[in-house]
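Numbering (UniProt numbering), first residue to last: 1 to 329. Using N, Cα and C, we set each Cβ at its ideal position, and we do this for glycine too.
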Amino acid sequence: MDVLGIGNAIVDVLFRTDDDTIRAHELPKGGMTLIDEAQAEKLYTEAGETTERSGGSVANTIAIAAALGADAGYVGKVSDDRLGTSFTESIRSHGVHFTTPALSGSPATARCLVMVTPDGERTMSTFLGACTALGPDDIEQDDVAGSTVSLIEGYLADTEHARRTIGKVVDAAAKSEARVGMTLSDAGCVERHREYFRELARENVEIIIADEDEVAALVGDDPVTSLLRGRGGNCEVVVVTHGPKGSTVYDADDSVEEVGIRDADELVDTTGAGDAYAGGFLYGWTRGLDHATSGRIGAVAASHVVAQLGAQPPEGLRDKVAAEVPALR
Numbered sequence: 001m002d003v004l005g006i007g008n009a010i011v012d013v014l015f016r017t018d019d020d021t022i023r024a025h026e027l028p029k030g031g032m033t034l035i036d037e038a039q040a041e042k043l044y045t046e047a048g049e050t051t052e053r054s055g056g057s058v059a060n061t062i063a064i065a066a067a068l069g070a071d072a073g074y075v076g077k078v079s080d081d082r083l084g085t086s087f088t089e090s091i092r093s094h095g096v097h098f099t100t101p102a103l104s105g106s107p108a109t110a111r112c113l114v115m116v117t118p119d120g121e122r123t124m125s126t127f128l129g130a131c132t133a134l135g136p137d138d139i140e141q142d143d144v145a146g147s148t149v150s151l152i153e154g155y156l157a158d159t160e161h162a163r164r165t166i167g168k169v170v171d172a173a174a175k176s177e178a179r180v181g182m183t184l185s186d187a188g189c190v191e192r193h194r195e196y197f198r199e200l201a202r203e204n205v206e207i208i209i210a211d212e213d214e215v216a217a218l219v220g221d222d223p224v225t226s227l228l229r230g231r232g233g234n235c236e237v238v239v240v241t242h243g244p245k246g247s248t249v250y251d252a253d254d255s256v257e258e259v260g261i262r263d264a265d266e267l268v269d270t271t272g273a274g275d276a277y278a279g280g281f282l283y284g285w286t287r288g289l290d291h292a293t294s295g296r297i298g299a300v301a302a303s304h305v306v307a308q309l310g311a312q313p314p315e316g317l318r319d320k321v322a323a324e325v326p327a328l329r
């Protein structure tokens, strides 16, 4: 396949709210807070009308890549409950190959309660649940070896069990022509596991896609180019996103490409903007397109995702992107 994603399988439960509600729950606006199952049930009960979609950073990225036309697969753990069924049906509906066996019994399927305020900002409360049960036995070595790139979610570094899963992906890729990609998830995750991520960047990872705060947390006082092959790292490509300022693509061949944004027709919900960019970029990269074109695909895809509620691929995404990026026609 073109892209295989490995990450935390989470159901995004989205609902609209206001700043007063976020303050009442003592949540940091725009941030992500880990909660337990009881807190998750309380928030869910209070939410009222919700929209439920397959989620998790890398799952969102893989869904976008598949919607654009990539042959894409995903590995993540859900439970055999209602939300687990919801996740499975949702991600498969976009053409993603998803066959990871569900966990029987507790803990329940992970969910992220995404509170969207009128300014389009999203505040997330996440119960990790079943996704923490993902382990090495869930990785099919042939799937990794047969992919162009296997994309690892940075949040997996939070448990030793998941780190062994990462190790199996890295080993399988090393025995083949497959590349290993990594997202850094958030700056706090990088700060928790900085040395581990730096080791992966030095030894195992060929592609990093992350925002500027995450990359800054990783490299410290060193330049971004220190992650590249021949400069101290193992990366062939490092993609740094800058929000409304676009993105920068660094290449081990010393090229640096600045990519602009595509303004959204309407800003509804910023959930998954970076994930959508990553999905678009990887679609282009696995098709052999140049960095500028791959970045443009990512930017256009992201602009359509933020114009709706939730991080799922909008209907007709490929046609919408192809209307502005001739390489997709």
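Across the structure, Ala-278 and Val-249 are spaced so that their CA atoms are roughly 12 Å apart. Remark: C-beta atoms of Leu-227 and Ala-201 approach each other more closely than 9 Å. If you draw a straight line from the Cα of Gly-48 to the Cα of Glu-37, it comes to about 18 Å. Here DSSP, grouped into helix, strand and coil, assigns Ser-57 to helix. Rounded to whole angstroms, the gap between the alpha carbons of Arg-231 and Arg-194 is 18 Å. In the three-state reduction of the DSSP assignment, Arg-82 falls in the helix class, which pools H, G and I. A check of alpha carbon separations from Glu-266 across Val-305, Thr-51, Gly-288, Asn-8 identifies Val-305 as the nearest.
Excluding residues up to 5 positions away in sequence, Ile-10, Val-11, Asp-12, Cys-112, Ala-311 lie with their Cβ nearer than 7 Å to the Cβ of Gly-55 in the same chain.
Comparing C-alpha distances from Thr-271 to each of Gly-243, Gly-316, Ile-207 shows the shortest one belongs to Gly-243. In the structure shown, the three-state DSSP call for Ile-62 is helix. Secondary structure remark: continuous alpha helix (DSSP H) runs of at least 4 residues inside the stretch 251–295, in chain order: 273–286.
Of the candidates Pro-28, Ala-299, Asp-142, Glu-236, Pro-28 places its Cα closest to the Cα of Thr-123. Taking Ala-66 as the centre and dropping the five residues before and after it, the same chain places the C-beta of Ala-72, His-94, Gly-95, Val-96 closer than 6 Å to its C-beta, in chain order.
Fewer than three beta-carbon pairs drawn from the stretch 157–177 and the stretch 286–301 are found closer than 8 Å, and the two stretches are therefore not classed as touching. Less than 9 Å separates the beta-carbon of Val-237 from that of Asp-251.
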